[in-house]
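Chains as they are written, first to last, in this note's numbering: chain A, 1 to 218; chain B, 1001 to 1194; chain C, 2001 to 2179.
A virtual CB, placed ideally from N, CA and C, is assigned to each residue, including glycine.
Values in this document were obtained by computation on a predicted structure and should not be read as measured data.
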Amino acid sequence: MNNFLKGLWKENPIFVIMIGMCPTLAVTTAAVNGIAMGLATTAVLVCSNLLVSLLRNFIPKAVRIPSYIVMIAALVTVVDMVMEAFFPEIHRVLGLFIALIIVNCIIMGRAEAFAAKNPPLAALLDGLGMGLGFTWALTLIGSVRELLGAGSLFGIKVLGSAYQPVILALLPPGAFITMGLILATFKAVEISRKKQVAGGVTGVAGPISHTGQHSISQ
Amino acid sequence: MLQGLFLILVSTVLVNNFVLSRFLGICPFIGVSERIETALSMGWATTLVMTVSAVVTWGLEQYVLIPFDLGFLQYVVYILVIATMVQTIETILAKTSPALHRTLGIFLPLITTNCAVLGLAILVAQKGYNVLEAAVFATGGGLGFTLALVLLAGIRERLEWADIPEAFKGKPIVLITAGLLSMAFLGFTGLVAQ
Amino acid sequence: MNNTLIRYALVLTVIAVVSGAALAYFNGITAEKIAENRRLREQAAVSAVLGTETFTTTEIEGGKIYSADTPAGKVVAFTTAPPGFSGPISLMVSVNVDQERVEKIVVLEHGETPGLGARITEAAFTDQFAGKSLADPFRVKHDIQVITGATISTRAVTEGVKAAADKVVALVKAGVVGE
């Protein structure tokens, strides 16, 4: 169970490990894009984790990287074709970034760090958890940007016409700044929690406490 | 002709900067921008890989994928080319220029998964560039990436001495700084309508 | 040593072949649907500006002209993509050739700034072109209301529509579009 849950919060790929940032910033101009991108990535991640785990005794260590790359690229191509055939509108919005799931470090990272060493069921759950963790993070960022920039959520107007939209939130700078502010908010919550329990139990595990894991490997 | 190439260059370096307005290559942008020196090395290495792989994938697209109607293999072929190019460049550097290999060496493997490289190769195919335009587009993309990386590194070196609120320390302030940089680059939009 | 190398090569070949085969299979089942989607999208965009489902398509250099006969005269639709503020603005335009006036314009794709240039997609802007005579000057701030903060986008659409419409009307009158 923990294999599934850790991706949602404690080891959330976006807010904690900070990998897979490109699609995170690029497609999150609306909440619905965040969900779509997240689910597409989850589909690839679950399949690739499962495949890597099933083949972990067949693929020799020395050639594992090229093997994984080919498998992941093939999976992404399939997702790309299926989306273009059945969800053409969403496919047009996400565009190039569907192809870029191939180089999303979450996929390769989980294959290397988890799926290659664990049995299929665990790998599947890990992929599902990480994928959904990625999805909710993207949806949150998308919601904040859509709310600020267009006054709507999932395409439905929430803020009245008196609200003057902050267009900046939809432009490229808005992506960086929104992401920075969300991270700072999590950190602020973490800090105040730590102050409350100071002297008692050690800090409650929240999203930011693991940033040490972040490395330059993307 | 020359003018067209120049416009592509200006457009990719400044107006449609790969990092700051297309969001390609964010991971190294955040991860390898602590020192100007390393940022510069990473930038050069990426520019090199980008240019070489853009030209090679262009050739494969025109002479193999399109004639044989193998468009569905595009992603697989491109990523393999990039991985192979990175490996080849690393081997050549190690043999011919150990000094350069020491500076760029550790960055090279990371470039395989830099989405700017794959993204650029796919964009070249989508835009229908010829080989010269592809090469200029790739070099511009790489230079733009280097510029963004070095600018952010320069600011981050100074940020170390700044008194930042506790909650903003680390990644949050880096992202906000990147946002301000991106805002500055917004000033270039409309410069070249491409 | 040799055995290991052969094993490596074998594993990689198997993976590559299986992946390639899987892709060819999926390509086979999705290609038709994707082509159908594209055709439907084109059809929908053309119908929207022509106001009719039935039209004939003529291939011309650099694009297509869709034409239909209506009670008000011969109407043709075409796409054009003038350079906007940040990238080309792709437009679908219909023109009544007999009356020499624009019927309707629809923005298909654009990269203009949200909230500013992106407002070229709003009806308040595009409706200005509906029924506009090609003899009009098509000058921004003169006979076309400018979108606040987006003069370049406004001008790009206005001049793009006018230039393409004049060209297409001339082509049609020269008899390029056969019945």
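**Message:** Tell me which residue opens and which closes the alpha helix (DSSP H) that SER1041/B is part of.
**Reply:** The sequence position of residue 1041/B within the second sequence is 41, counting from 1. DSSP places SER1041/B inside the alpha helix (DSSP H), whose first and last residues are 1036–1060.
**Message:** Once the 5 residues before and after HIS210/A are set aside, which same chain residues still bring their CB inside 6 angstroms of it?
**Reply:** Residue mapping note: residue 210/A aligns to position 210 of the first sequence, counting from 1. Only weak support is given to the placement of HIS210/A: the predicted model assigns it a pLDDT of 41, under 50, and the question is left unresolved by the model.
**Message:** Under DSSP, the beta strand (DSSP E) around GLU2103/C begins and ends at which residues?
**Reply:** Along the third sequence, one-based indexing puts residue 2103/C at 103. Here the beta strand (DSSP E) through GLU2103/C covers 2101–2109.
**Request:** Would you mind sorting THR2070/C into buried or exposed? The rule is 16 or more other CB atoms within 10 Å of its CB.
**Result:** As a first step, residue 2070/C is located in the third sequence; it is residue number 70 there, counting from the start. It counts as exposed.
**Prompt:** Do three or more CB pairs link the segment 2135–2143 of chain C to the segment 2151–2165 of chain C at distances below 8 angstroms?
**Reply:** With contact defined as three or more Cβ pairs closer than 8 angstroms, the segment 2135–2143 of chain C and the segment 2151–2165 of chain C are in contact.
**Item:** Which of helix, strand or coil DSSP assigns to THR29/A
**Value:** Stepping through the first sequence from its first residue, residue 29/A is reached at position 29. DSSP places THR29/A in the coil class of the three-state scheme, outside both helix and strand.
**Request:** Please work out which residues of its chain come closer than 8 angstroms, Cβ to Cβ, to PRO1172/B, disregarding the five sequence neighbours upstream and downstream, and give them in chain order.
**Result:** Here the question's residue 1172/B lines up with position 172 in the second sequence. The beta carbon of PRO1172/B sits closer than 8 angstroms to no other beta carbon from its chain once the five residues preceding and following it are set aside.
**Message:** In this structure, how does DSSP classify TYR68/A when only helix, strand and coil are distinguished?
**Reply:** Counting from 1 along the first sequence, the entry for residue 68/A is found at position 68. In the structure shown, the three-state DSSP call for TYR68/A is helix.
**Item:** Helix, strand or coil at TYR2066/C according to DSSP, with G and I counted as helix
**Value:** For the purposes of this step, residue 2066/C is taken as the residue at position 66 of the third sequence. In this structure, TYR2066/C counts as strand in the three-state DSSP scheme.
**Request:** Please report the Cβ distance between SER2067/C and THR2079/C, rounded to the nearest whole angstrom; I am assuming they are in contact, meaning their Cβ atoms lie under 8 angstroms.
**Result:** By 1-based counting over the third sequence, the position of residue 2067/C is 67. By 1-based counting over the third sequence, the position of residue 2079/C is 79. The beta-carbon separation of SER2067/C and THR2079/C, rounded to 14 angstroms, does not stay under the 8 angstroms limit for a contact.
**Asked** Hey, LEU138/A and GLY38/A are a contact pair by Cβ (cut 8 angstroms); roughly how many whole angstroms apart?
**Response** Residue numbering aside, residue 138/A sits at position 138 when the first sequence is read from its first letter. Residue numbering aside, residue 38/A sits at position 38 when the first sequence is read from its first letter. Between LEU138/A and GLY38/A, the beta carbon gap of about 5 angstroms places them in contact (Cβ cut-off 8 angstroms).
**Asked** Can you find a CB in chain A that lies within less than 9 angstroms of the CB of SER2019/C?
**Response** Counting from 1 along the third sequence, the entry for residue 2019/C is found at position 19. Flagged as an interface residue toward chain A: SER2019/C, by a C-beta distance shorter than 9 angstroms.
**Request:** Return helix, strand or coil for PHE114/A, following the three-state DSSP convention.
**Result:** Locating residue 114/A in the first sequence gives position 114, counting from the first residue. Coil at PHE114/A, not helix or strand.
**Sequence-distant residues of the same chain with beta carbon closer than 8 angstroms to ALA2009/C, five excluded per side** = Locating residue 2009/C in the third sequence gives position 9, counting from the first residue. Answer for ALA2009/C: no residue qualifies.
**Request:** Locate the alpha helix (DSSP H) running through ALA1148/B, then write down its first and last residues.
**Result:** As a first step, residue 1148/B is located in the second sequence; it is residue number 148 there, counting from the start. Looking at the DSSP string, the run of the alpha helix (DSSP H) that includes ALA1148/B is 1131–1159.
**Prompt:** Out of VAL46/A, ASN2/A and ASN33/A, which has the shortest C-alpha to C-alpha gap to PRO120/A?
**Reply:** Numbered from 1 along the first sequence, position 120 holds the residue referred to as residue 120/A. If you compare the alpha carbons of VAL46/A, ASN2/A and ASN33/A with that of PRO120/A, the shortest gap goes to VAL46/A.
**Asked** Going along the chain, which residues of its own chain have a beta-carbon closer than 6 angstroms to the beta-carbon of GLU1984/C, five neighbours each way excluded?
**Response** Outside the modelled stretch of chain C, which goes from 2001 to 2179, sits residue 1984/C, for which no answer is possible.
**Prompt:** Could one say the Cβ of LEU81/A lies closer than 9 angstroms to chain C's Cβ atoms, at least one of them?
**Reply:** On the first sequence, position 81 is the one that residue 81/A refers to. In the sequence as displayed, the identity of residue 81/A is Met instead of Leu. Yes, its Cβ sits closer than 9 angstroms to a Cβ of chain C.
**Item:** Inter-residue spacing [alpha-carbon to alpha-carbon] between PHE87/A and PHE1072/B
**Value:** Locating residue 87/A in the first sequence gives position 87, where the first residue counts as 1. Locating residue 1072/B in the second sequence gives position 72, where the first residue counts as 1. Cα to Cα, PHE87/A sits roughly 18 angstroms from PHE1072/B.
**Prompt:** Can a CB atom of chain B be found closer than 9 angstroms to the CB of MET108/A?
**Reply:** Against the first sequence, residue 108/A aligns to sequence position 108. So, interface residue.
**Message:** Give me, in chain order, the residues of the same chain whose beta-carbon lies closer than 6 angstroms to that of VAL204/A; leave out the 5 immediate sequence neighbours on both sides.
**Reply:** Counting from one through the first sequence, the residue named residue 204/A turns up at place 204. Reliability of the predicted coordinates at VAL204/A is poor, the pLDDT of 45 falling under 50, and no value is obtained from them.
**Prompt:** Going by the beta-carbon positions, is the gap between ALA108/A and ALA40/A smaller than 9 angstroms?
**Reply:** For this step, residue 108/A is matched to residue 108 along the first sequence. For this step, residue 40/A is matched to residue 40 along the first sequence. Note on residue identity: the sequence assigns Met, not Ala, to residue 108/A. Contact annotation: MET108/A and ALA40/A have beta-carbon atoms that are not nearer than 9 angstroms.
**Message:** For a contact defined as C-beta to C-beta under 7 angstroms, what are the partners of LYS187/A on chain B?
**Reply:** Stepping through the first sequence from its first residue, residue 187/A is reached at position 187. Chain B residues near LYS187/A: ALA1167 and PRO1172.
**Prompt:** For THR1113/B, does the three-state DSSP call read helix, strand or coil?
**Reply:** Working through the second sequence from its first residue, we reach residue 1113/B at position 113. If DSSP states are grouped into helix, strand and coil, THR1113/B belongs with coil.
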